[in-house]
Every structure is written in C-alpha cells, then in structure tokens.
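Chemist:
Residue numbers (my numbering): 174 to 303.
1) Please name the residue in 207, 301 and 250 whose C-alpha comes closest to that of residue 240.
2) Which residues in the same chain have their Cβ closer than 8 Å to the Cβ of residue 227, if we skip the five residues on either side of it in sequence?
3) When DSSP labels each residue in this structure, what does residue 250 get in the three-state scheme?
4) Within 10 angstroms of its Cβ, does residue 287 collect 16 or more other Cβ (buried), or is it exposed?
5) Would you tell me roughly how many angstroms separate the C-alpha atoms of residue 302 and residue 210, rounded to the nearest one?
6) For the beta strand (DSSP E) that residue 221 lies in, which residues bound it at each end?
7) Can you tell me where the beta strand (DSSP E) with residue 210 in it begins and where it stops?
8) Can you tell me where the beta strand (DSSP E) holding residue 295 begins and where it ends?
9) Which same chain residues, not among the five before or five after residue 202, have their C-beta less than 7 Å away from its C-beta?
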C-alpha cells in the first residue's frame, strides 16, 4: 500500500527538478570577453550613446556581435555578452553635447563613426577617439 503512494511523489520530485537540468550549462558559441574603455570626440568625452561590435566576416571573423552603452565617456560590454575578439566593424553612435540655446531636442550634436578595428582576443581595454 505504501509503495503505491510513493510512486506519485517520485514523479512529482522529478518533474519539479527537471527545469533545473539546464542551469549551469556553458553558453553556446565561441568565448566572449568583456571590453571596456573611453570614447572621446575631438578630445572630449562622448556623453551618451551606443557602440555596436560586429565580427568582420570579410576578414574571416565570425561569432556573435555585442552592444555597449556609452555613459559619461566610458563604455563596458555586459558580462557574458562581450566580444569574440579579432577583426570587427564598430559602429559608434554618440551624443557629444546638447545645444542648450534651443528648445529643440533634435539639436543634440550627433557623433557617428564606423571603424574597422582588431579587438584583443581576451577582451580588456580598448579606447575610441573619434
């Protein structure tokens, strides 16, 4: 009699633990590394913006891209979502300054530059001067 009562408990325990089976597994794809540094335009920090990192397939690099937010002249790729290293095309879109003499929000000075770069294979510091 007790044997039949335990069977549903075992089934429930297995079902309860099954969602945990994927936890702790390694991410798919090549290793990604954290990259951080300064972004300046004409010697001044870029106040806000975004950096898009795309592996340069024309130079034999492949893997996932990455995005970093520029804040007060500095950027950092999110942990676990960094760059793969090697040749990349980097697209930088920044807001350098705001013209306070106008009420028009579109008066922000925009910095946009696309650069071919060779990023370090293990991440680290990489500064951009526009």
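We put the CB at the ideal spot given by N, CA and C, even for glycine.
Modeler: On the basis of the data shown:
1) 250
2) Counting only Cβ-Cβ distances below 8 Å, and skipping sequence neighbours, we find 238, 261, 262, 263 and 264.
3) Note: residue 250 maps to coil in three-state DSSP.
4) exposed
5) 11 Å
6) 221-228
7) Membership of residue 210 in the beta strand (DSSP E) is indicated by the continuous run 208-214.
8) Where residue 295 is concerned, there is no enclosing beta strand (DSSP E), given that its DSSP letter is neither H nor E.
9) 236 and 237
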